[in-house]
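Residue numbers (our numbering): 13 to 113.
Backbone N, C-alpha and C fix where the C-beta goes; we use that ideal spot for every residue, glycine too.
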């Protein structure tokens, strides 16, 4: 059946074979890292949570290695990038928390 010249064309369905899904598990971040994640989401609204979480964790290991005067190890990099376990670290002054008299 021929369509009329004046008929509105039918909308085509979304033909993309894939859709980007961010299966990010926020439980691998500490509360402070979650706050940083939400701040980065505001700054970079198009970025996936996974990418932003990796960025946070990579900065964490870089800061730790720099303070300890060493290079980031391949193992640390892999753990930070994989996002499979909680990774936290606080500078020594924050760990002490006690005032000795």
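**Prompt:** So what does DSSP say about residue 30, is it helix, strand or coil?
**Reply:** With a pLDDT of 45 at residue 30, under the threshold of 50, the modelled position of this residue cannot be trusted, and the question is left open.
**Request:** Tell me whether residue 79 is buried or exposed, calling it buried when 16 or more other Cβ atoms sit within 10 Å of its Cβ.
**Result:** Under a 10 Å Cβ-count criterion, residue 79 is classified as exposed, with fewer than 16 other Cβ atoms of the shown protein chains found around its own Cβ.
**Item:** Secondary structure of residue 62, DSSP reduced to three states
**Value:** Residue 62 falls in the helix class under three-state DSSP.
**Prompt:** Taking C-beta to C-beta, are residue 48 and residue 68 nearer than 8 Å?
**Reply:** Yes, they are a contact pair.
**Item:** Secondary structure of residue 36, DSSP reduced to three states
**Value:** In this structure, residue 36 counts as coil in the three-state DSSP scheme.
**Prompt:** Excluding five sequence neighbours on each side, which residues of the same chain lie with their C-beta closer than 8 Å to the C-beta of residue 42?
**Reply:** When the five nearest sequence neighbours on each side are left out, the beta carbons in the same chain lying within less than 8 Å of the beta carbon of residue 42 are those of 98 and 100, in order along the chain.
**Request:** Go ahead and label residue 38 buried or exposed: buried means 16 or more other beta carbons lie within 10 angstroms of its beta carbon, across all protein chains shown.
**Result:** Per the 10 Å Cβ criterion, exposed.
**Request:** My understanding is that residue 36 touches residue 61, with C-beta atoms under 8 Å, so please give their C-beta distance in whole angstroms.
**Result:** Sure, about 4 Å apart at Cβ, within 8 Å.
**Request:** Could you pull out every residue in the same chain whose Cβ sits closer than 8 Å to the Cβ of residue 95, ignoring the five residues on either side in sequence?
**Result:** The answer, listed in chain order, is 36, 37, 40, 62, 65, 66 and 69.
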